[in-house]
């Protein structure tokens, strides 16, 4: 009998088989499974993450104005939904993490504050904390052309600086090699505090006249301050005419 001809296997089928059984630091199989939760074509979505366009680092989405985010839920524009519905899965995908940047994380915190989704601030803060290659002092100046947005972003960086050092003071470490006390009365472990980037000190407070033109009137108090959370006590934000609390930065 003549030898049986081997079936032809397309390159695409070979690639899918390799992807299914391959093991690599990029966790390709697990990444595809995670992407399948929210994407009709998870493999194609994963492949696109490897295309360095327009640059290797992902760009900052938007960025969106204060009013757009404040009215996101009312206008059903879906900004927060599109950015955060799958964020927990994306954070676990190595190639996405490689292309994510500290400024993108800061602007995600900005979006959550303006859209009143404080419950997600703790998750984003913890994600930033465990990105040990993201040193606070190295966060670049975004030079945001919107002075109101710039003021909020600067306040977020300053609050994040305090939250990171607070975690370090408790013995938490950004490389997850935490230092624990044997007894409650033992001294807290020593740590090297992270430094604040110098550019935040140069960012002016939110201009109250510009706020009146830029946000819904119900978002301002009688003195013209922007109220993101009523009766907020955060001094970092208050210095720039922004009223909010910052407790969600300090979750463990």
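In our numbering, the protein residues as written are 1 to 252. Note that CB positions come from ideal geometry on N, CA and C, so glycine has one too.
Start-to-end residues for the alpha helix (DSSP H) that takes in residue i
i           : result
residue 170 : From DSSP, residue 170 is part of no alpha helix (DSSP H); its letter is neither H nor E.
residue 248 : Note, residue 248: premise wrong, no alpha helix (DSSP H); not H, not E.
residue 31  : 28-35
residue 104 : 102-114
residue 53  : Element bounds for residue 53: n/a, residue is neither H nor E.
Residue i vs residue j beta-carbon contact at 8 Å
i           : j           : result
residue 112 : residue 118 : yes
residue 56  : residue 27  : no
residue 157 : residue 144 : no
residue 229 : residue 251 : no
residue 214 : residue 148 : yes
residue 187 : residue 168 : no
residue 89  : residue 155 : no
residue 79  : residue 64  : yes
residue 216 : residue 67  : yes
Rounded separation between residue i and residue j - CA only
i           : j           : result
residue 180 : residue 82  : 39 Å
residue 201 : residue 44  : 43 Å
residue 115 : residue 207 : 20 Å
residue 254 : residue 74  : An answer regarding residue 254 cannot be provided, because it is not within the stretch 1 to 252 covered by the chain.
residue 120 : residue 13  : 40 Å
residue 146 : residue 185 : 48 Å
residue 203 : residue 50  : 36 Å
residue 212 : residue 224 : 7 Å
residue 205 : residue 35  : 40 Å
residue 124 : residue 242 : 21 Å
residue 139 : residue 17  : 41 Å
residue 70  : residue 61  : 16 Å
residue 238 : residue 91  : 31 Å
Proximity winner among the options, relative to residue i (alpha-carbon distances)
i           : options            : result
residue 189 : 99, 76, 165, 106   : 165
residue 276 : 63, 233, 215, 182  : Any question about residue 276 goes unanswered here, given that the chain covers just 1 to 252.
residue 95  : 31, 129, 123       : 31
residue 130 : 148, 102, 154, 71  : 102
residue 142 : 107, 134, 251, 187 : 107
residue 191 : 170, 197, 58       : 170
residue 137 : 40, 199, 238       : 199
residue 93  : 220, 69, 29, 85    : 29
residue 135 : 122, 59, 196       : 196
residue 25  : 163, 97, 238       : 97
residue 174 : 209, 183, 182, 133 : 133
residue 39  : 7, 163, 85         : 85
Buried or exposed (CB count within 10 angstroms, at least 16 for buried), residue i
i           : result
residue 226 : buried
residue 218 : exposed
residue 161 : buried
residue 72  : buried
residue 240 : buried
residue 128 : buried
residue 53  : exposed
residue 150 : buried
residue 222 : exposed
residue 261 : Here the chain has residues from 1 to 252 only, and residue 261 is not among them.
Closer than 8 Å to chain C by CB, residue i
i           : result
residue 135 : Here chain C cannot be found, since the structure has a single protein chain.
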